[in-house]
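In the numbering used here, the protein residues as written are -13 to 420. We treat Cβ as the ideally placed atom computed from N, Cα and C, and that holds for glycine.
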Ligand SMILES: Nc1ccn([C@@H]2O[C@H](COP(=O)(O)OP(=O)(O)OP(=O)(O)O)[C@@H](O)[C@H]2O)c(=O)n1
Ligand SMILES: O=C(CO)[C@H](O)[C@H](O)COP(=O)(O)O
């Protein structure tokens, strides 16, 4: 992704009471799969390395709640600021921290570009953030837009239709938005109480007070704002779904193992987001730590070691040491490659029996271990695949194919590897369905 040359920070207004959603807890603190909504938005910003500071603005009574969320989920680069009685007043308070350097706990640099993003829009990606920031650098202001779903109409005083807008000419203004800091800050400084109390559009303030016509950037459908109760359910389903959508393939550095990893990577990548790394599990690998904290919950660990259980134990130890909150079941699929000539298929299955015992233990910690045996018999030049699980979910199959079938183009290869794919897919998603 294109590097960002400007200093960029973000303000996340999270000081509302969520009246339209109803309920005692403001929507930004409602839990989705065990994590508060606001934490998803913070995490989305935090994952973007070129965003320096993240200001979260909350109402005075929720400052402690927000601080405990930051602590619990290990958020970094976040400063909590007291909000106002309207969204504009909250955003203004957030911006003041940079301009007036009021933060009590650390010195915050005034950024060249500031992103404003509602804390109740959890699915913002780096791609759209980059687009609005680059456009703001060029035009002074920029914001994400979406096509209108319904036509906008105005009613007269008598409650009857006064006029209706031509839908194709209008757009829904969404978030994120980005501004040259000086432009949006000057706009807020000049705005009237009426603007601060009744306005809903930051882009409009930049236009009204700084004559800046914001660049409008087409956004993705998942930028919508959680507003009603049904939005919480929709957001939860998206989160559950995305947990099954990424997997990390871990291999050691041996050639045959790396090759198996490559083949599985190639065949899985059409279905899920795959990251492949080759490391020795005996070392504490920082890349793997990043993958843990990036909240990947599915791992395919390929090795050809005699003591496969020890290998998976190392991975479990690293996972536990990483202190990542295990909010969802972690799926570890141990692919045991047996490439030695003498060992029979049943010995491999014995090792899998050992894994079963181990799997029962770690299941108590919300870590689900599955075993998959792939055996290559040098003499017969055939491969066998055996599947085994620690729960009676499914997948007990045994296949074999000849080494030459392992060419990526070969139809037999894709047919057989698709069985492995299905196994991986089912294991990763079965646990999130409840
Ligand atoms: N005084 C306020 C009001 C709103 N917001 C924030 O602005 C964002 C978008 O506002 P909206 O969806 O309208 O939130 P609420 O005001 O909480 O919702 P409602 O209008 O239903 O009460 C939310 O993240 C909300 O927390 C804020 O920081 N300070
Ligand atoms: O829509 C917006 C941009 O124009 C803002 O994101 C904001 O959410 C509007 O807040 P409210 O729902 O309080 O009017």
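Rounding to the nearest angstrom, what Cα-Cα distance links residue i and residue j in this structure?
| i | j | result |
| --- | --- | --- |
| residue -6 | residue 180 | 29 Å |
| residue 267 | residue 355 | 17 Å |
| residue 69 | residue 108 | 20 Å |
| residue 411 | residue 113 | 27 Å |
| residue 393 | residue 157 | With a pLDDT of only 47 at residue 393, under 50, the local geometry of the prediction cannot be trusted, and no value is derived from it. |
| residue 20 | residue 170 | 35 Å |
| residue 162 | residue 277 | 26 Å |
| residue 125 | residue 81 | 20 Å |
| residue 269 | residue -1 | 41 Å |
| residue 120 | residue -10 | 8 Å |
| residue 315 | residue 347 | 14 Å |
| residue 148 | residue 4 | 30 Å |
| residue 37 | residue 305 | 27 Å |
| residue 204 | residue 217 | 21 Å |
| residue 408 | residue 253 | 11 Å |
| residue 291 | residue 106 | 47 Å |
| residue 184 | residue 198 | 21 Å |
Determine which residues share a DSSP beta bridge with residue i and list them.
| i | result |
| --- | --- |
| residue 201 | 128 |
| residue 149 | 140 |
| residue 354 | 317 |
| residue 66 | 42 |
| residue -3 | 41 and 102 |
| residue 237 | 264 and 288 |
| residue 22 | 17 |
Run through DSSP, which three-state label would residue i get?
| i | result |
| --- | --- |
| residue 33 | coil |
| residue 422 | Past the boundaries of the shown model lies residue 422; the chain is included only from -13 to 420, so the question cannot be answered. |
| residue 46 | helix |
| residue 257 | coil |
| residue 308 | coil |
| residue 165 | strand |
| residue 179 | helix |
| residue 53 | helix |
| residue 414 | helix |
| residue 242 | helix |
| residue 347 | helix |
| residue 157 | strand |
| residue 213 | coil |
| residue 134 | coil |
| residue 231 | coil |
| residue 223 | helix |
| residue 118 | helix |
| residue 262 | strand |
| residue 278 | helix |
task: Check whether the region 15 to 33 touches the region 235 to 242, counting contact only when three or more Cβ pairs, one atom from each stretch, lie closer than 8 Å.
output: Contact between the region 15 to 33 and the region 235 to 242 is absent, because fewer than three Cβ pairs lie under 8 Å.
query: Counting pairs of beta carbons, one from the region 206 to 224 and one from the region 137 to 156, are three or more of them closer than 8 Å?
result: no
query: Using 8 Å as the threshold, is the region 70 to 78 in touch with the region 46 to 61, meaning 3 or more CB pairs across them?
result: no
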